[in-house]
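**Student:**
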Amino acid sequence: GAGVSQSPRYKVAKRGQDVALRCDPISGHVSLFWYQQALGQGPEFLTYFQNEAQLDKSGLPSDRFFAERPEGSVSTLKIQRTQQEDSAVYLCASSLGPGGAPIVDEQYFGPGTRLTVT
Amino acid sequence: AQSVTQLDSHVSVSEGTPVLLRCNYSSSYSPSLFWYVQHPNKGLQLLLKYTSAATLVKGINGFEAEFKKSETSFHLTKPSAHMSDAAEYFCVVSDPNSGYSTLTFGKGTMLLVSP
Numbered sequence: 018g019a020g021v022s023q024s025p026r027y028k029v030a031k032r033g034q035d036v037a038l039r040c041d042p043i044s045g046h047v048s049l050f051w052y053q054q055a056l057g058q059g060p061e062f063l064t065y066f067q068n069e070a071q072l073d074k075s076g077l078p079s080d081r082f083f084a085e086r087p088e089g090s091v092s093t094l095k096i097q098r099t100q101q102e103d104s105a106v107y108l109c110a111s112s113l114g115p116g117g118a119p120i121v122d123e124q125y126f127g128p129g130t131r132l133t134v135t
Numbered sequence: 292a293q294s295v296t297q298l299d300s301h302v303s304v305s306e307g308t309p310v311l312l313r314c315n316y317s318s319s320y321s322p323s324l325f326w327y328v329q330h331p332n333k334g335l336q337l338l339l340k341y342t343s344a345a346t347l348v349k350g351i352n353g354f355e356a357e358f359k360k361s362e363t364s365f366h367l368t369k370p371s372a373h374m375s376d377a378a379e380y381f382c383v384v385s386d387p388n389s390g391y392s393t394l395t396f397g398k399g400t401m402l403l404v405s406p
């Protein structure tokens, strides 16, 4: 079946431009996560949605980052006034349930969007 | 707070020889631990997970890992490497007692397999 998809796969933005990154999770998955993966590093948590509710945005690096999931399915990560330090791969993951004890659901990852800010 | 440390940034093996990728974790709780693999231009794929059942966990593609609480380790092993195993591997910890399961990743170990 279809996995998690992300678009675009590659994005080049000039410094100061706004960008929008899209994530299509697996149909029916309750949880959706965004991660940022800098070059040579492991992914780092940005934000978490349970259905349409954004329950945790503690990992967003600045107020230029904004995420939404208005209908509890597709999610968009928006970065305003991009800076060079925003260059990274942005990963989206979804899982079936709300997660947490006693079950830790497997997260299914998309291929990522590679953002390059010039 | 929880964290993982992957002790090697790169590991090189010959095809057919054993693989050992080392991981130590730090967690205030009884953690859930995972290994993910990332092939170039592909999404992260779950290899295996430990969630407080058996301490020896078997995963896909012949990989396994052993949870050792006394050593706070969760090393990944495979008896015989294949060329297709060349990829980046991430050790990951999650706090199952949180309301959701945010993953904390290590920095990754690149596995190189030579013929």
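If you read the sequences in order, they're chains D and R.
Heads up: the first sequence at position 55 corresponds to 72 in my numbering, and the numbers run straight through without jumps.
Heads up: the second sequence at position 36 corresponds to 327 in my numbering, and the numbers run straight through without jumps.
Where a beta carbon is used, it is the ideal one built from N, C-alpha and C, also for glycine.
Note that the coordinates shown come from a computational prediction; the quantities given were computed from them, not determined experimentally.
#1: Between which residues of its own chain and Asp73/D is the CB-CB distance below 6 angstroms, once the five residues before and five after are set aside?
#2: Just to confirm my understanding: we take Gln124/D, look at its own chain, exclude 5 residues before and 5 after, and list those with CB closer than 6 angstroms. What are they?
#3: At least one CB of chain D closer than 7 angstroms to the CB of Thr346/R: is that the case?
#4: Would you please verify whether the beta carbon of Gln58/D is less than 7 angstroms from any beta carbon of chain C?
#5: DSSP beta-bridge partners for Arg131/D?
#6: Give the single residue among Gln329/R, Lys340/R, Phe325/R and Glu306/R whose Cα lies nearest to the Cα of Tyr380/R.
#7: If you reduce the DSSP assignment to three classes, tell me which class Gln124/D lands in.
#8: Can you grab the Cα-Cα spacing for the pair Asp376/R / Asn68/D, in whole Å?
#9: Please classify Arg26/D as buried or exposed, where buried requires at least 16 other C-beta atoms within 10 Å of its C-beta.
#10: Any contact between the stretch 77–96 of chain D and the stretch 35–42 of chain D? By contact I mean 3 or more CB pairs, one from each, below 8 angstroms.
#11: Locate the beta strand (DSSP E) running through Tyr65/D, then write down its first and last residues.
#12: Are the C-beta of Phe82/D and some C-beta of chain R separated by less than 7 angstroms?
#13: Tell me whether Leu433/R is buried or exposed, calling it buried when 16 or more other Cβ atoms sit within 10 Å of its Cβ.
#14: Quick one: what's Lys359/R bridged to in DSSP?
#15: Taking beta-carbon pairs under 7 angstroms, can you tell me which members of the stretch 358–381 of chain R lie near chain D?
#16: Inspect the CB distances between the stretch 311–325 of chain R and the stretch 40–51 of chain D and report whether three or more fall short of 8 angstroms.
#17: If you draw a straight line from the alpha carbon of Tyr436/R to that of Gly353/R, how long is it in whole angstroms?
#18: Confirm, please, whether the CB-CB distance from Pro60/D to Lys108/D is below 7 angstroms.
#19: For Met374/R, which beta-bridge partners are listed by DSSP?
#20: Check whether the Cβ atoms of Val134/D and Gln101/D sit closer than 7 angstroms, and answer yes or no.
#21: Can you tell me the Cα-Cα spacing of Pro115/D and Pro406/R, whole angstroms?
#22: Which residues in the same chain as Ala84/D place their Cβ atom closer than 8 angstroms to its Cβ, once the five residues preceding and following it in sequence are excluded?
#23: So Val354/R contacts chain D; which residues on that side make the cut at Cβ distance below 8 angstroms?
**Tutor:** According to the structure data:
#1: Around Asp73/D, the same chain offers Tyr65 as residues with beta carbons nearer than 6 angstroms, after the five sequence neighbours per side are excluded.
#2: If we look at Gln124/D and ignore the five residues flanking it on each side, its Cβ neighbours are Ala110 and Ser112.
#3: For Thr346/R, no CB of chain D lies under 7 angstroms from its own CB, so it is not counted at the interface with that chain.
#4: Absence of chain C from the displayed structure is noted, the protein chains being D and R.
#5: Within the DSSP secondary-structure output, Arg131/D pairs in a beta bridge with Tyr27/D and Val106/D.
#6: For the set Gln329/R, Lys340/R, Phe325/R and Glu306/R, the Cα lying nearest the Cα of Tyr380/R is the one of Gln329/R.
#7: Three-state result, Gln124/D: coil.
#8: So the two alpha carbons sit approximately 35 angstroms from each other.
#9: Under this definition Arg26/D is an exposed residue.
#10: Output reads yes: the stretch 35–42 of chain D touches the stretch 77–96 of chain D.
#11: For Tyr65/D, the enclosing beta strand (DSSP E) has its first and last residue at Glu61 to Gln67.
#12: Among the residues facing chain R, Phe82/D is not included, as its CB has no counterpart in that chain under 7 angstroms away.
#13: In the structure as shown, chain R starts at 292 and stops at 406, and residue 433/R therefore has no counterpart that could be examined.
#14: Partner(s): Ser364/R.
#15: Those residues of the stretch 358–381 of chain R that come within reach of chain D (Cβ to Cβ, closer than 7 angstroms) are Phe381.
#16: At 8 angstroms Cβ cutoff, the stretches do not touch.
#17: There is no way to answer for residue 436/R, as the model of chain R reaches only from 292 to 406.
#18: The identity of residue 108/D in the sequence shown is Leu, whereas the question assumes Lys. With respect to Pro60/D, Leu108/D sits close: the two C-beta atoms are nearer than 7 angstroms.
#19: As far as DSSP is concerned, Met374/R takes part in no beta bridge.
#20: Cβ distance < 7 angstroms, so Val134/D and Gln101/D count as in contact.
#21: When rounded, the distance between both Cα atoms is 44 angstroms.
#22: Answer for Ala84/D: Trp51, Leu63, Thr64, Phe66, Gln71, Lys74, Leu77, Ser92, Thr93, Leu94 and Lys95, listed in chain order.
#23: The amino acid occupying residue 354/R in the given sequence is Phe; Val does not appear at that position. Under the 8 angstroms cutoff, chain D gives no residues; its nearest Cβ is about 15 angstroms from Phe354/R.
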